[in-house]
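Report on the following structure.
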Ligand SMILES: Cc1cc2nc3c(=O)[nH]c(=O)nc-3n(C[C@H](O)[C@H](O)[C@H](O)COP(=O)(O)O)c2cc1C
């Protein structure tokens, strides 16, 4: 394992490690305006949501590592403390990247990147019409953290109006991640797309209190077959099956066959039992997986 003292490496190198590791990062496509009315549009992946009451988004136009200059977006929110944060989907990614070009002050990146300005309801900067979601925000505070190249400027924004394209809503009225087709920033020039097989669900462990991996019997916990994800799922049950349930499951045809096949080879029996449990676990049936595992 490489160990790095941030004080011992150049800011550029540190920047690259940080952005490579803290990924994927969502992208705030920020529309701002200066006091003369010049519109600016730039992407920022130092971005996230931090609360919903009040709804708070934070992004950071940092000082350039190269020459310690500040970004137009930062200068603008200091002049006019308003911003529209537009969400970027896959259909927008190339034009969004073009908008990150360091054009001179006063150049409108809506025009350069070919996006459409749609008027906002509560703030002066326009929103991006093509974005699936847009947040009109009032800037509550700008917090600079340091004054050297690469230092952050936290722009704390309160959302005052939200636009959501109906086309990304599911039947339950919530945003459907498949329809959103969001993109995010990785290190270097890499991006990722949240769609297809890369999307998956894990039920939140908020309603139950799982037994925890530490309570899984050692013969299962140190299995050569089960992965950390498998153990995480097994540890999320509140209780183990009863002796009666385990005994009943002994009649499962696959278990009966395995018992026969490995009658003189208990080690192979356990190995195959764990493989069977893994298969069932990955289909999402944790209760049955436990009944399988406790056959040994
Ligand atoms: C996807 C993406 C994410 C970016 N994230 C950031 C960021 O979080 N902070 C930052 O300072 N620059 C970031 N940049 C670079 C800025 O977009 C770029 O410096 C831009 O020219 C700033 O424009 P402005 O000076 O008009 O504000 C990012 C660029 C891209 C393409």
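Residue numbers (our numbering): 334 to 629. Every residue, glycine too, gets a C-beta built ideally from N, C-alpha and C.
Quiz item: Which residue or residues does DSSP assign as beta-bridge partners of residue 517?
Solution: 525
Quiz prompt | Coil, strand or helix - residue 562 by DSSP | solution = helix
Quiz item: Any idea which residues DSSP pairs residue 477 with across the strands?
Solution: 486
Quiz item: Going by the beta-carbon positions, is the gap between residue 512 and residue 500 smaller than 8 Å?
Solution: In this structure, the beta-carbon distance from residue 512 to residue 500 falls below 8 Å.
Quiz item: Mind checking whether residue 358 and residue 483 have CB atoms under 8 Å apart?
Solution: no
Exercise. Return the bridge partner residues of residue 445 from the DSSP annotation.
Key: Answer by DSSP bridge pairing: none, since residue 445 is not bridged.
Practice problem: Could you have a look at residue 375 and say whether DSSP puts it in helix, strand or coil? | Solution: strand
Quiz item: ligand 1 heavy atoms versus the CB of residue 463: any closer than 7 Å?
Solution: no
Quiz item: With which residues is residue 469 paired in a DSSP beta bridge?
Solution: 417 and 494
Quiz prompt | Cβ pair residue 420, residue 488 closer than 8 Å | solution = no
Quiz item: Which residues mark the beginning and the end of the beta strand (DSSP E) in which residue 366 is found?
Solution: 361–366
Self-check item: Rounded C-alpha distance that separates residue 353 from residue 441
Solution: 30 Å
Practice problem: Indicate the three-state DSSP secondary structure (helix, strand or coil) for residue 384 in the structure shown. | Solution: Looking at residue 384 - three-state DSSP - the assignment turns out to be strand.
Quiz item: Does the beta carbon of residue 518 fall short of 7 Å from some heavy atom of ligand 1?
Solution: Under cutoff, so the answer is yes.
Practice problem: Would you mind giving the Cβ-Cβ distance between residue 619 and residue 566, rounded to the nearest angstrom? I have them listed as a contact below 8 Å. | Solution: Confirmed, about 6 Å.
Quiz item: So what's residue 422 in DSSP terms, helix, strand or just coil?
Solution: strand
Exercise. Would you check if the segment 446–459 and the segment 343–353 touch, i.e. whether three or more CB-CB distances between them fall below 8 Å?
Key: no
Quiz item: How many Å lie between residue 544 and residue 569 at the Cα?
Solution: 6 Å
Quiz item: Between the segment 458–465 and the segment 422–431, do three or more beta carbon pairs fall short of 8 Å?
Solution: yes
Quiz item: What whole-angstrom Cβ distance do residue 591 and residue 605 have, given they're in contact under 8 Å?
Solution: Taking 8 Å as the upper bound for CB-CB distance, residue 591 and residue 605 are in contact here, some 5 Å apart.
Quiz item: Is it right to say residue 478 is buried, meaning 16 or more other beta carbons lie within 10 angstroms of its own, or is it exposed?
Solution: exposed
Self-check item: Closer than 7 Å: residue 549 CB and nearest ligand 1 heavy atom
Solution: no
Quiz item: Do residue 349 and residue 416 have their CB atoms nearer than 8 Å?
Solution: No, the pair does not count as a contact, with Cβ atoms beyond the cut-off.
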